[in-house]
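Here the structure comes first, spelled out in structure tokens, and everything after it is commentary.
Numbering (the UniProt record's numbering), first residue to last: 1 to 302.
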């Protein structure tokens with residue numbers, strides 16, 4: 001069966017249809033590198049005329065991007081494509097470009113955070129929030145409550161329990177509230193951190209400690225301090241219409257091909273936002289997370 005890679009399936013509108021046709025032909029052949037295609041099969045799969053398919057294939061053959069079998073007249077990927085194979089880091093650059101577009105659209109800093117065991121690390125960043133200090137690459141956040149709820153909300157009970165257990169002395173009320181928070185995060189698809197003086201002091205301290213990702217007595221004490229000293233998250237019910245809400249960060253999960261949350265994409269508004277604006281930002285972050293999932297899955301970026 002010939003795969004369908006129609007021009008209508010291209011994700012972004014192009015100003016150069018002829019270029020689109022070349023890319024579509026190479027995507028078709030590259031998707032089945034060991035297979036040979038007839039001109040008719042290429043034209044049918046891409047919904048272009050036989051003459052157009054023949055012209056594109058012949059042009060690509062001249063540059064060895066495509067090989068034509070002289071006996072069958074069929075076409076397949078050529079050696080020049082192997083020479084142009086994606087270098088290490090190309091997928092990562094595409095992720096970085098997507099984050100830059102998002103930061104420019106939102107006019108605030110955005111982060112891509114990856115979880116590694118008991119640690120979360122900023123692996124990409126773009127943009128800047130005028131009202132907030134810049135969060136740098138390599139910033140470490142301990143994976144213990146209340147940090148990382150966008151990772152835990154969809155995790156199994158064992159991960160959930162270990163995440164809470166690392167916080168040695170939080171009030172019972174906090175642990176009960178975190179159950180509500182995680183349910184809310186699952187329901188709406190993203191987490192919302194409140195901006196408060198306590199939150200700001202703890203994050204400033206964590207930045208000063210960054211580079212030491214292990215959970216030790218200091219990071220545990222900081223997490224416990226914010227858990228005991230303030231309400232960290234917004235529940236949806238705590239965002240009434242018309243009321244301004246102090247928002248530090250909005251975070252959406254990024255999943256791997258197995259559906260496990262392995263990263264998160266975060267926006268840092270550091271601003272007073274009405275409920276509608278918070279919801280719009282959350283939905284935009286979920287959309288951005290889905291875009292990143294596609295890029296990462298396709299190009300094995302990060």
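Cβ atoms here follow ideal geometry from the backbone N, Cα and C, with glycine treated the same way.
Please read all numbers here as calculations on a predicted model, not as lab measurements.
Within 10 angstroms of the Cβ of residue 203, are there 16 or more other Cβ atoms? Answer buried if so, exposed if not. Result: buried.
Report the CB separation of residue 297 from residue 252 in whole angstroms; it is logged as a contact under 8 Å. About 16 Å; that fails the 8 Å criterion.
Nearest CA to the CA of residue 306: which residue from 294, 221, 197? The chain is shown from 1 up to 302; residue 306 falls before or after that span and cannot be answered.
When burial is assigned at 16 or more other CB atoms within 10 Å of the CB, is residue 46 buried or exposed? The residue is buried, with at least 16 neighbouring Cβ atoms inside 10 Å.
Please return the same chain residues whose Cβ sits closer than 6 Å to the Cβ of residue 282, not counting the five positions on each side in sequence. So the qualifying residues of the chain are 190, 250.
Opening and closing residue of the alpha helix (DSSP H) in which residue 126 lies: Annotation for residue 126: no alpha helix (DSSP H) segment contains it, though the beta strand (DSSP E) segment containing it runs 119-126.
Separation of residue 122 from residue 22, as counted between CA atoms: One C-alpha to the other measures close to 37 Å.
8 Å contact criterion, which residue 292 and residue 95 should meet: CB distance rounded: Their Cβ separation, rounded to whole angstroms, is 6 Å, which keeps residue 292 and residue 95 in contact under 8 Å.
Within 7 Å: the Cβ of residue 106 and any heavy atom of the ligand SAM? Ligands displayed in this structure: none; no statement on the ligand SAM is therefore possible.
Identity of the residues DSSP links to residue 112 by a beta bridge: 124, 265, per the DSSP bridge assignment.
Three-state secondary structure (DSSP) at residue 167? Looking at residue 167 - three-state DSSP - the assignment turns out to be coil, as it is neither helix nor strand.
Please report the distance separating the alpha-carbon of residue 36 from that of residue 18. The alpha-carbon atoms of residue 36 and residue 18 are separated by roughly 23 Å.
Output needed for residue 268: all residues of its chain with C-beta closer than 6 Å, excluding positions within five of it in sequence on either side, in chain order. Within the same chain, and ignoring the five residues on either side of residue 268 in sequence, the residues whose Cβ sits closer than 6 Å to its Cβ are 108, 109, 129, 132, 249.
For my contact list, residue 77 and residue 136 are in at a C-beta cut-off of 8 Å; report their separation, rounded to the angstrom. That pair is no contact at about 41 Å.
Note down, one range per segment and in chain order, each beta strand (DSSP E) of at least 3 residues found wholly within the UniProt domain "HTH iclR-type" (16-79). Qualifying beta strand (DSSP E) stretches, in chain order: 66-68, 75-77.
Use the C-beta contact count for residue 237: other C-beta atoms within 10 angstroms, 16 or more gives buried, fewer gives exposed. Exposed, because fewer than 16 other Cβ atoms sit within 10 Å of the Cβ of residue 237.
Touching by the beta-carbon criterion (3+ pairs, under 8 Å), the segment 173-193 and the segment 145-153: Output reads yes: the segment 145-153 touches the segment 173-193.
Between which two residues does the beta strand (DSSP E) carrying residue 142 extend? Residue 142: member of the beta strand (DSSP E) spanning 140-142, first to last residue.
Let me know the secondary structure DSSP gives residue 95 once reduced to three states. When DSSP states are grouped into helix, strand and coil, residue 95 belongs to the helix group.
Using the three-state DSSP reduction, which class does residue 1 fall into: helix, strand or coil? Any reading at residue 1 needs caution, since the residue's pLDDT is 47, under 50, leaving its predicted position unreliable; the model's value is listed next. DSSP places residue 1 in coil when its eight states are reduced to three.
How is residue 247 classed by DSSP in three states: helix, strand or coil? Reduced to three states, the DSSP call for residue 247 is strand.
To which residues of the same chain is residue 390 closer than 7 Å at the C-beta, ignoring the five residues directly before and after it? The question about residue 390 has no answer, for the chain in this structure spans 1 to 302.
Identify whether residue 231 lies in helix, strand or coil by the three-state DSSP scheme. Judged by DSSP in its simplified three-state form, residue 231 adopts coil rather than helix or strand.
Taking 7 Å as the limit between beta carbons, can you name the residues of its chain near residue 63, skipping five residues before and five after? Excluding sequence neighbours, residue 63 sits near 80.
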